[in-house]
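With the first letter of the sequence shown counted as 1, position 145 gets the number 145 in full-length UniProt numbering; the numbers rise by one all the way through.
To keep things clear, I will list the structure first and then write my remarks on it.
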Amino acid sequence: MTQPVSLVLIHGLIGTLNSLQVAKSLSPYLMIAPDLLGYGRQAERLPASLSDQVDYLAELIGKETDGPVALLGHSVGGAIAMLLADRHPDRVAAVVNVEGNFTLNDAFWSASVAKQPVAEVDALIDGFRTDPAAWLARSEVEATEENLVEARRWLACQGGATVRAMGRAVVEATGVPEYSQILRRVFARTPVHLVAGERSRPGWDVSDWALSAAASVTVMPGVGHMMMLEDPVGFSRMIAGLFDR
1 MTQPVSLVLI
11 HGLIGTLNSL
21 QVAKSLSPYL
31 MIAPDLLGYG
41 RQAERLPASL
51 SDQVDYLAEL
61 IGKETDGPVA
71 LLGHSVGGAI
81 AMLLADRHPD
91 RVAAVVNVEG
101 NFTLNDAFWS
111 ASVAKQPVAE
121 VDALIDGFRT
131 DPAAWLARSE
141 VEATEENLVE
151 ARRWLACQGG
161 ATVRAMGRAV
171 VEATGVPEYS
181 QILRRVFART
191 PVHLVAGERS
201 RPGWDVSDWA
211 LSAAASVTVM
221 PGVGHMMMLE
231 DPVGFSRMIA
241 GLFDR
């Protein structure tokens, strides 16, 4: 992988990728792990589309660094990373797509919450917050004290309005034929590294052509979709290994 100056971590529908453990393991790269619109410190700025997220990130990256960046996008963040790389190819040295959305099959939960009233999605998120161990169990993640602390941090990042808005945005962006064309353009001109967890890889609807066109394909053993929460040190070391190739 071309050595970027900065690594921009783009989180998914729930949570954050702003982790001290990950940052330490990815040193000496400058790690930028912003809250997307609607999340954390940007909670009041609900996005109307994934294009809003792309514009926001492009502006932020321009303020943080003038060098080439690599984008790491997880789940919905993977779709945002691909859209950003397509719109600003001159700023993106590489993309690490961590089980990012390739088709609507990857957006099954987003599609579900997109149809629900905000009050119902709020109640769903509140339920996760009340019982984070059960939320972890949905992804077969052990409820260790360390994992519970991180789960509570992830679940505190967004409310129901954000989750529903993002659910609608990802369905709208990835459910049209043009999205496949965007993905193909990015693969054609930018190194794209595909990363999956061993447990969750069978459920990732990544296309055969993408697997063939990828700069690398890595399946992280013993983890699932929330691999950076489940094993942050192992995850970040694996990502750092991509840069050393």
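Glycine included, each C-beta is placed from N, C-alpha and C at the ideal position.
{"Asked": "What would DSSP say about residue 261, mapped onto helix, strand or coil?", "Found": "A query on residue 261 cannot be resolved here, the shown segment of the chain reaching from 1 to 245 and no further."}
{"Asked": "By Cβ distance, which residues of its chain are closer than 8 Å to Gly100, with the 5 residues on each side in sequence left out?", "Found": "Gly73, His74, Ser75, Val76, Gly77, Gly78, Ala79, Ala81, Met82, Asp106"}
{"Asked": "From the DSSP secondary-structure annotation, give me the bridge partner or partners of Ser95.", "Found": "According to the sequence provided, residue 95 is Val. The question's Ser does not apply to it. Per DSSP, Leu71, Val192."}
{"Asked": "Excluding five sequence neighbours on each side, which residues of the same chain lie with their C-beta closer than 7 Å to the C-beta of Gly40?", "Found": "Thr16, Cys157"}
{"Asked": "Name the two residues that bound the continuous beta strand (DSSP E) containing Val8.", "Found": "6-10"}
{"Asked": "Consult DSSP for Ile32 and reduce its assignment to one of helix, strand or coil.", "Found": "strand"}
{"Asked": "Can you tell me whether DSSP reads Gly197 as helix, strand or coil?", "Found": "strand"}
{"Asked": "Taking all protein chains shown into account, decide if Gly167 is buried (16 or more other Cβ within 10 angstroms of its Cβ) or exposed.", "Found": "buried"}
{"Asked": "Using the Cα positions of Met238 and Val195, report the straight-line distance between them to the nearest angstrom.", "Found": "9 Å"}
{"Asked": "Start and end of the alpha helix (DSSP H) containing Thr130?", "Found": "118-130"}
{"Asked": "At the 8 Å Cβ level, is Ala58 part of the contact set with chain B, yes or no?", "Found": "The structure shown contains no chain B; it is built from a single protein chain."}
{"Asked": "From Ala210, Gly160, Gly175, pick the residue whose C-alpha is nearest to that of Leu124; which is it?", "Found": "Gly160"}
{"Asked": "Taking the alpha carbon of Val217 as the reference point, which residue from Val192, Val223, Tyr56 has its own alpha carbon closest?", "Found": "Val192"}
{"Asked": "For Ile10, I'd like the list of residues in its chain whose CB is within less than 6 Å of its CB, leaving aside the five on either flank, ordered along the chain.", "Found": "Gly73, Gly77, Ile80, Ala81"}
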